[in-house]
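Below is one structure, written out as structure tokens, with a few remarks after it.
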Amino acid sequence: MLRDPRPAAIFFDVGDTLVRAHPSWPAVYETVFPEFGISVEPEDFEGAWREAFAEWEIDGRFEASEEASYQRFKDLDGRIFARLGYPDLPDEFFRAIEVAFSRRSSWYVFDDVVPALDALRRAGFRLGVISNWGWAAPELLHDLELAAHFEGLTISARVGFQKPRPEIFRHALEQLDLRPHEALHVGDSYAADVLGARAVGVRAVLIDRDERVRVHRAPEQDPGVPIVRDLLQLLDLLGLPRPADVAPH
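Heads up: the sequence shown begins at 5 in the numbering used here, then just goes up one per residue.
In structure tokens:
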């Protein structure tokens, strides 16, 4: 059970918290490959993606515009494919990736998400999103029929800061006119979601859908962070009944 006081609002990360790429990140990229003569093994892609993302992450402020968002993700993808032996891909390739990830069919909403969000709203919680995502995140959340559950959508590309920077959390709090102690944040990244939220005085819950905590180990040194496997367990943590028509996980 989450200790008192009960939060007035709950913010959620998006990727690997509410949705995941369908059927996987590499598979969505692969839909673009044939047109451009690209062939990549999934395990090679995974390694290149992790290396590129680690050096690409931006700690400071960046331009909050649609074109700047595209250029940032083009830079990330360019780093990935340069590692895979494709250093000079045309702009059309990166635009095609952007389109592929904007499709509703490229995303899977976890089965527990909508029932849990409905239960939280019925219990009187205000809900919002805080996500490191591209410019089109609000449109995607509308397409996935998730946006209506939230009072505010705080998206890094539209704010100019990404988690764990305090500015993105403060923006979300201001949007809902909340003080830090009135909010709870739920996300899958210990560094971005837990430490980022705590830095501004917001309590945090780590969601670990794939038992990655055992690999990263950071929360094992931080027994104060609650860990849930899905949003039904978040309901348990808040002392709320689970929806009767949702199978236990």
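For each residue, glycine too, the CB sits at the ideal point set by N, CA and C.
Please read these numbers as outputs of a predicted model, since none were measured by experiment.
Apart from the five residues just before and just after residue i, which ones in its own chain have a Cβ nearer than 6 Å to its Cβ?
i       : result
Gly-82  : none
Arg-169 : none
Pro-247 : Pro-119 and Ala-123
Pro-4   : For residue 4 there is no data in the structure shown, the boundaries of the chain being 5 and 253.
Trp-53  : Ile-84
In the DSSP assignment, find the beta strand (DSSP E) that holds residue i and state where it starts and stops.
i       : result
Leu-188 : 187-191
Leu-157 : 156-159
Arg-130 : 130-135
Phe-16  : 13-16
Trp-111 : 111-113
Could you give the distance in angstroms between the alpha-carbon of residue i and the alpha-carbon of residue j?
i       : j       : result
Leu-242 : Tyr-90  : 48 Å
Gly-19  : Ala-141 : 11 Å
Leu-124 : Gly-164 : 29 Å
Pro-119 : Glu-149 : 13 Å
Glu-102 : Asp-8   : 43 Å
Ala-12  : Pro-184 : 10 Å
Gly-4   : Ala-127 : What the structure shows of the chain is the stretch from 5 to 253, and residue 4 is not part of that stretch, so it cannot be assessed.
Leu-244 : Arg-10  : 12 Å
Phe-37  : Leu-239 : 41 Å
Asp-92  : Arg-65  : 28 Å
Leu-144 : Glu-96  : 21 Å
Ala-187 : Asp-212 : 20 Å
Arg-76  : Leu-177 : 26 Å
Phe-73  : Phe-129 : Residue identity differs from the one stated: residue 73 is Ser in this sequence, not Phe. One C-alpha to the other measures close to 31 Å.
His-189 : Pro-94  : 39 Å
Arg-1   : Tyr-194 : What is shown of the chain runs 5 to 253, which leaves residue 1 out entirely.
Asp-226 : Phe-105 : 35 Å
Within a Cβ cutoff of 7 Å, which residues of the same chain sit near residue i, ignoring the five residues on either side of it in sequence?
i      : result
Glu-70 : Trp-139
Phe-98 : Lys-78 and Asp-81
Quick test of your reading: residue i and residue j, contact by CB under 8 Å. State the CB separation rounded to the nearest angstrom.
i       : j       : result
Gly-191 : Glu-155 : No, Gly-191 and Glu-155 are not in contact; Cβ-Cβ is about 18 Å, not under 8 Å.
Glu-34  : Ala-100 : Incorrect: roughly 12 Å between the Cβ atoms, too far for contact.
Val-204 : Pro-230 : Not really, about 18 Å apart at Cβ, beyond 8 Å.
Identify, in the order they occur along the chain, each residue of the same chain with its Cβ nearer than 8 Å to the Cβ of residue i, setting aside the five sequence neighbours on each side.
i       : result
Asp-147 : Arg-108
Arg-218 : At Arg-218 the pLDDT is 48, less than 50, meaning the model places this residue with poor confidence and gives no usable figure here.
His-26  : Val-32, Ser-109, Ser-110, Trp-111 and Tyr-112
Glu-67  : Gly-164
Return the residue from the list the options that minimises the CA-CA distance to residue i.
i       : options                               : result
Ile-134 : Arg-126, Asp-122, Ala-151 and Ala-127 : Ala-151
Asp-115 : Gly-51, Arg-54 and Leu-236            : Leu-236
Phe-16  : Gly-41, Arg-65, Trp-137 and Pro-227   : Trp-137
Ala-86  : Phe-57, Glu-178, Ile-172 and Glu-67   : Phe-57
Asp-197 : Pro-30, Ala-248, Ser-160 and Arg-54   : Ser-160
Phe-4   : Ser-73, Leu-6, Asp-63 and Trp-29      : There is simply no residue 4 to check, as the chain begins at 5 and stops at 253 in what is shown.
Ile-84  : Glu-59, Leu-180 and Ile-172           : Glu-59
Lys-167 : Asp-63, Ala-104 and Leu-88            : Asp-63
Gly-200 : Glu-215, Glu-171 and Thr-158          : Glu-171
How far does the alpha helix (DSSP H) with residue i in it extend, from its first residue to its last?
i       : result
Arg-246 : No alpha helix (DSSP H) contains Arg-246, which DSSP labels as neither H nor E.
Leu-210 : No alpha helix (DSSP H) contains Leu-210, which is instead part of the beta strand (DSSP E) from 207-211.
Ala-254 : With the chain covering only 5 through 253, there is no way to say anything about residue 254.
Leu-93  : No alpha helix (DSSP H) contains Leu-93, which DSSP labels as neither H nor E.
Val-32  : 29-34
Lys-167 : Premise fails: Lys-167 is in no alpha helix (DSSP H) and is neither H nor E.
Phe-37  : 37-40
Trp-60  : 46-60
Using a Cβ-Cβ distance cut-off of 8 Å, determine whether residue i contacts chain C.
i      : result
Arg-24 : Any reference to chain C falls outside this structure, which holds one protein chain only.
So is the beta-carbon of residue i under 7 Å away from any non-hydrogen atom of the ligand GDP?
i       : result
Asp-240 : Because no ligand of any kind appears in the structure shown, any question about the ligand GDP cannot be addressed here.
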